[in-house]
Each structure stands twice: as C-alpha cells, then as structure tokens.
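Everything below concerns the one structure shown next.
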Amino acid sequence: MESNLQGKSHAALDVSKWKILSTLRDVKLEMQKLTKGFKVQEDLSRCTEKLEEGMSIMINMYDRIEYYHDRAELANYIANINSNRANGIRMSNEVLRRDVDDLKWIIQSNLVLEKYET
C-alpha cells in the first residue's frame, strides 16, 4: 500500500483510501453472503471487521504522517529563508543591504503564503 501511495497528491490519497475501505466493505458483504447459514459466518465477519478497523487505523496514521511531513517541509523552508540573507552579498551601504534582506523576506513569505494558504 505504501509504495502505491508515495508521491500522490492529497486528493489522490483520499480517493485511494476511499477505494481501500470500499473494497473491504464489499469483500465483507460477499463473505457474509457466501457463508450464510454456516457456523463460520460470525467468525469470518468479525475477522473482516478487524481487518477494516486495522486498515482505518493505518490510513489515519498515514494521514498524520503526511500532515507532519508537510509541516516539517514548511519549517525547513522557513529556516532556509532565515538563513539565506544578503550577508553573502558585499554591499558597502548598510541601509541597502537591509532593504535587500527585507525584500527577500517579503518575496519568500509570499511564496510560503501562496503555497500554504490555499
């Protein structure tokens, strides 16, 4: 499951998760139909319920991991913004250097807002 989900958009991940849970429910229903009247029906039904619960937990954990991954990327991006000041550019005019730093900060901040505000 993990290798199939890597690199997908959040919308694609949501569709994949929905398909997984939908398929599990369909399998559970078919197994109930096939085992109707047999002693194993209840046990098999409980097994499929446990499998569905386990998959739901895995999906929720994957959601949390994706959320924290996105936040870590944002934190790294912001850290790079702070470390990438105009100190490497030789400017004799201190006011100009600060203005260049401010301009870089504004540009980078707008890029972050554009990416994470939508």
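Under the numbering used here, think of the first position of the sequence shown as -18, with each following residue one higher.
Glycine included, each C-beta is placed from N, C-alpha and C at the ideal position.
Source: prediction; values computed, not measured.
For residue i, the nearest candidate out of the options (CA to CA)
i          : options           : result
residue 9  : 43, 30, 84 and 72 : 30
residue 6  : -9, 32, 18 and 77 : 32
residue 40 : 87, 1, -8 and 85  : 1
residue 97 : 36, 52, 84 and 20 : 52
residue 89 : -7, 55, 37 and 71 : 55
residue 59 : 74, 76 and 87     : 87
residue 37 : 28, 79 and -2     : -2
residue -5 : 81, 43, 61 and 82 : 43
residue 61 : 85, 75 and 72     : 85
Contact belief for residue i with residue j at Cβ below 8 Å, rounded distance in angstroms
i          : j          : result
residue 13 : residue 26 : 6 Å
I want to know whether the segment 40 to 49 touches the segment 80 to 95 - three or more CB-CB distances under 8 Å.
Contact between the segment 40 to 49 and the segment 80 to 95 is absent, because fewer than three Cβ pairs lie under 8 Å.
What ranges does the beta strand (DSSP E) occupy inside the segment 15 to 86, keeping only unbroken runs of at least 3 residues that lie completely in it?
With a minimum length of 3 residues, no continuous beta strand (DSSP E) run stays inside the segment 15 to 86.
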